[in-house]
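The next block holds one structure in the form of structure tokens; read it before the comments.
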Amino acid sequence: MASDRTSSSARTNRADGLVDLYERAGYLRVEPAVLQPADDFLELAGEELRRSLFITSDARGRELCLRPDLTIPVCRGHLEQGAPGRPAAYCYLGPVFRDRGEGSAELLQAGIESLGRADREAADAECLALALESVRQYGAADPEIRMGDVGLFMALVAALDLPPAWQRRLIKDFNRAGTLEADLATLKLARGAGAEHAGVLAALAGSDPAAARALVADLLSIAGIKAVGGRTVAEIAERFLEQAELGAATRLPAETSAVLERYLAIVGDPDEASAALRTLASDAALDLSAPLDAFEQRSGFLAAGGVDVSGIRFATAFGRTLDYYSGMVFELHAKKKGRANGPLAAGGRYDRLLTLLGSANPVPAVGFAVWIERLEQAGGRP
Amino acid sequence: MNEPLIVGVPSKGRLMENAHAFFARAGITLLQPGGGRDYRGTVPELPGVEIAYLSTADIVTNLAQGAIHLGVAGEDLVREMIPDADARVVLLDGLGFGNANVVVAVPQAWIDVRTMRDLDDVATAFHHKRGRRVRVATKYVNLTRGFFSRHGIADYRIVESLGATEGAPASGTAELIVDITTTGSTLAANGLKVVDDGVMLRSQANLVASLQAEWGTDARATARALLDRIAAERRAHTMREVRTRFPDADAEMVAEAKGRFGVIAPLGGPTSSGMLTLLCPPDAVHLLATFLREHGAEHVMVAAPEYVFARENPLFDKLAERLG
Numbered sequence: 042m043a044s045d046r047t048s049s050s051a052r053t054n055r056a057d058g059l060v061d062l063y064e065r066a067g068y069l070r071v072e073p074a075v076l077q078p079a080d081d082f083l084e085l086a087g088e089e090l091r092r093s094l095f096i097t098s099d100a101r102g103r104e105l106c107l108r109p110d111l112t113i114p115v116c117r118g119h120l121e122q123g124a125p126g127r128p129a130a131y132c133y134l135g136p137v138f139r140d141r142g143e144g145s146a147e148l149l150q151a152g153i154e155s156l157g158r159a160d161r162e163a164a165d166a167e168c169l170a171l172a173l174e175s176v177r178q179y180g181a182a183d184p185e186i187r188m189g190d191v192g193l194f195m196a197l198v199a200a201l202d203l204p205p206a207w208q209r210r211l212i213k214d215f216n217r218a219g220t221l222e223a224d225l226a227t228l229k230l231a232r233g234a235g236a237e238h239a240g241v242l243a244a245l246a247g248s249d250p251a252a253a254r255a256l257v258a259d260l261l262s263i264a265g266i267k268a269v270g271g272r273t274v275a276e277i278a279e280r281f282l283e284q285a286e287l288g289a290a291t292r293l294p295a296e297t298s299a300v301l302e303r304y305l306a307i308v309g310d311p312d313e314a315s316a317a318l319r320t321l322a323s324d325a326a327l328d329l330s331a332p333l334d335a336f337e338q339r340s341g342f343l344a345a346g347g348v349d350v351s352g353i354r355f356a357t358a359f360g361r362t363l364d365y366y367s368g369m370v371f372e373l374h375a376k377k378k379g380r381a382n383g384p385l386a387a388g389g390r391y392d393r394l395l396t397l398l399g400s401a402n403p404v405p406a407v408g409f410a411v412w413i414e415r416l417e418q419a420g421g422r423p
Numbered sequence: 002m003n004e005p006l007i008v009g010v011p012s013k014g015r016l017m018e019n020a021h022a023f024f025a026r027a028g029i030t031l032l033q034p035g036g037g038r039d040y041r042g043t044v045p046e047l048p049g050v051e052i053a054y055l056s057t058a059d060i061v062t063n064l065a066q067g068a069i070h071l072g073v074a075g076e077d078l079v080r081e082m083i084p085d086a087d088a089r090v091v092l093l094d095g096l097g098f099g100n101a102n103v104v105v106a107v108p109q110a111w112i113d114v115r116t117m118r119d120l121d122d123v124a125t126a127f128h129h130k131r132g133r134r135v136r137v138a139t140k141y142v143n144l145t146r147g148f149f150s151r152h153g154i155a156d157y158r159i160v161e162s163l164g165a166t167e168g169a170p171a172s173g174t175a176e177l178i179v180d181i182t183t184t185g186s187t188l189a190a191n192g193l194k195v196v197d198d199g200v201m202l203r204s205q206a207n208l209v210a211s212l213q214a215e216w217g218t219d220a221r222a223t224a225r226a227l228l229d230r231i232a233a234e235r236r237a238h239t240m241r242e243v244r245t246r247f248p249d250a251d252a253e254m255v256a257e258a259k260g261r262f263g264v265i266a267p268l269g270g271p272t273s274s275g276m277l278t279l280l281c282p283p284d285a286v287h288l289l290a291t292f293l294r295e296h297g298a299e300h301v302m303v304a305a306p307e308y309v310f311a312r313e314n315p316l317f318d319k320l321a322e323r324l325g
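Chains A and B, in that order, are what the protein sequence lines are. Going by this note's numbering, the first sequence opens with residue 42, and the numbers climb by one from there. Going by this note's numbering, the second sequence opens with residue 2, and the numbers climb by one from there.
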């Protein structure tokens, strides 16, 4: 077990070579604090993350955690310096902490974050190429490249002209591995959330928001409910209206779910996938030309950057579980499976993150992280 | 015996009283030699037992770590505090007290929310529109995470609350709660309602065995004796002793009674003089009494047995099976 014998300083020395690689490519090294506010991670990644976080609190009761990754701290640091929209390129190397139930919870990660570049497709391609170069630097054989595109799914859902409630639900469940298929099945069979509230919904059909609010307010006062916790009367009325609009069509139309299923079945190299996607779009009369143009442009940049595009395994259903990802997502896996599970590198486009962290305007962003211990195992001794 | 069987018992309050009563019914007297301030106790009937008086949370922690062999604890705490509880402890038996449900409760004003599916929809919309997640106040962090995940709910945040959780929505520190409730009246008083399919766990006090503890020969033998007494008392609860005597009582009639009322004849069929003793489920007693009189019985006497010992020791078997 080579990685267990590697002393931590030898490990760090070798990983410094990655930092050199990134610095030569124009990325500025940053070193965020190990101890971070837990709130950002939980708010952005959700409670599912909590089980793997090491959480503590300071004397004022603020929840702090050992950083489970560096993307959020690097972006936080960027925002603290102001002018969030300016292009910036950062790289890092340091430990991250995740309780995985077994093995060491302290793992070394290196990676980059590229912020503010408007030429998204070129930036995506450079990011993936640099991740591949990182793997190569460890002497590992060419890895398997798995790719997906969260943005494409969002574009599809938007083009399908679904009620907002379903759009939100599909996008949420796309990010939760394994639940979307179950979701499609329920949506096809759903008797609809409206069934329990048939009376209210019938009364609301065709109402405007003001009338709906008045009705909800009346219902609450009839029921003797004074305090409205957390949500406003307007929000409750709005949700009733949304459901009333769904009306009898509380079931996902057969053609819509067929399109979604066909979409999620598309796999292949990016060129095959984009051809299949264009056929699907034209069969279903959906305008996906802008996202597909961008998709093909990215493939072009990848090829120009020396990446073997035909070797990429693209799958429409491939997503990453963090909902701030917004476009290309990828993972690099050792072809020969070793002891370590999980990708050698993982990354993607996350244009929503900086807004979620407080930037007034969206900031394009893409990055990746590599797992040093896994790279050592895949590559062997230098 | 040099290796005691350590049994964790709640050190105060209703749970302690109920636990004492439970053991007393099984003929197990818990003695605190130094009075209420002594955190170690003994059992005169079973010298191999050592009682450890602990808070309920400490009982669960000690079970998980194997510092005690057995303990009385609510299933809610066991499932909340021990990750992968079923691999580390065995819930031997529900004790019939400490009943409470762990439920998801939302403001009554959320008249559009009846099911977890509604809540999922509302949580996602809330996140989307407000740019932050709905907050769930609870002390059941792990139970909540597991239950919400099973219902596909991702857009929420947990706010840990160690007391007066039901007040959190009114005070604005959370939008909804997950809490324990017995009658629901505290929830209603705080303007909250339970989501229809939002009952996460129907909990009661359990006799719990640790799989992490050292289970030597002595501890096993003591556990076998302790659990035998408890099982005999539990078994007695499910039965009434029915006695009668009449000449026409025969094996054929007993066979019919077995088929119709689920009785057992622990002493065998009727004696030559027609003496018959049956054990009968409590709710079939009246039908059985009628049946026996129709067959010629003059009197049928029914009594509640204090203990019914049997060859099997199901509680110990359950433990032994897991200990291997």
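Where a beta carbon is used, it is the ideal one built from N, C-alpha and C, also for glycine.
Burial state of residue i, where buried means 16 or more other Cβ atoms lie within 10 Å
i        : result
A:Arg161 : buried
B:Lys13  : exposed
B:Asp77  : buried
A:Arg65  : exposed
B:Met117 : buried
A:Ile96  : exposed
B:His361 : As displayed, chain B neither begins before 2 nor continues past 325, which places residue 361 of chain B out of reach and without an answer.
B:Ala190 : exposed
B:Tyr54  : buried
A:Leu416 : buried
B:Arg203 : exposed
A:His119 : buried
A:Glu302 : exposed
B:Pro271 : buried
B:Tyr40  : exposed
B:Met302 : exposed
A:Glu276 : buried
A:Gln284 : buried
B:Thr184 : exposed
A:Ser175 : buried
Contact belief for residue i with residue j at Cβ below 8 Å, rounded distance in angstroms
i        : j        : result
B:Leu32  : B:Leu227 : So it is not a contact: roughly 15 Å between Cβ atoms.
B:Gly49  : B:Gln205 : Not a contact, Cβ separation roughly 27 Å.
A:Pro109 : A:Leu90  : 7 Å
A:Phe281 : B:Asp113 : 6 Å
A:Ile266 : A:Asp310 : Not really, about 58 Å apart at Cβ, beyond 8 Å.
B:Leu144 : B:Val90  : Between B:Val90 and B:Leu144 the Cβ distance is about 16 Å, and since that is not below 8 Å, they are no contact.
A:Arg52  : A:Ile413 : 6 Å
B:Val196 : B:Arg323 : So it is not a contact: roughly 34 Å between Cβ atoms.
Straight-line gap, residue i to residue j (C-alpha atoms, nearest Å)
i        : j        : result
A:Ala375 : A:Val411 : 12 Å
A:Ala159 : B:Leu188 : 52 Å
A:Asp99  : A:Leu105 : 7 Å
A:Arg139 : B:Ala222 : 42 Å
A:Tyr133 : B:Ala321 : 53 Å
A:Glu121 : B:Ser211 : 50 Å
B:Phe310 : A:Val137 : 58 Å
B:Asn19  : B:Gly192 : 31 Å
B:Phe292 : B:Met276 : 16 Å
A:Leu203 : A:Ala278 : 20 Å
B:Ala175 : B:Arg134 : 10 Å
A:Leu293 : A:Pro78  : 41 Å
Neighbour flag for residue i against chain E, beta carbons, 7 Å
i        : result
A:Lys377 : Absent from the structure: chain E. Protein chains present are A and B.
Opening and closing residue of the alpha helix (DSSP H) in which residue i lies
i        : result
B:Asp180 : It is not in any alpha helix (DSSP H) - B:Asp180 instead sits in the beta strand (DSSP E) that spans 177-182.
A:Glu167 : 161-178
A:Glu313 : 311-324
B:Glu167 : From DSSP, B:Glu167 is part of no alpha helix (DSSP H); its letter is neither H nor E.
Range covered by the beta strand (DSSP E) that runs through residue i
i        : result
A:Val411 : 406-412
B:Thr43  : 41-43
A:Gly388 : 386-390
B:Glu51  : 50-55
A:Ala356 : 353-356
For a minimum of 3 consecutive residues, which ranges assigned as the beta strand (DSSP E) are wholly contained in the stretch 82-159 of chain B? Every unbroken stretch of the beta strand (DSSP E) spanning 3 or more residues and falling wholly within the stretch 82-159 of chain B is given here in chain order: 90-95, 101-108, 135-139.
Note down, one range per segment and in chain order, each alpha helix (DSSP H) of at least 4 residues found wholly within the stretch 217-255 of chain B. If we require 4 residues or more, the alpha helix (DSSP H) runs fully inside the stretch 217-255 of chain B come out as 218-238.
In chain order, what are the residue ranges of uninterrupted alpha helix (DSSP H) at least 4 long that sit wholly in the stretch 82-157 of chain A? Whole alpha helix (DSSP H) segments, 4+ residues: 112-121.
Which ranges would you report for the beta strand (DSSP E) in the stretch 260-310 of chain B if only whole runs of at least 3 residues count? DSSP runs (the beta strand (DSSP E)) wholly in the stretch 260-310 of chain B: 276-281, 301-304.
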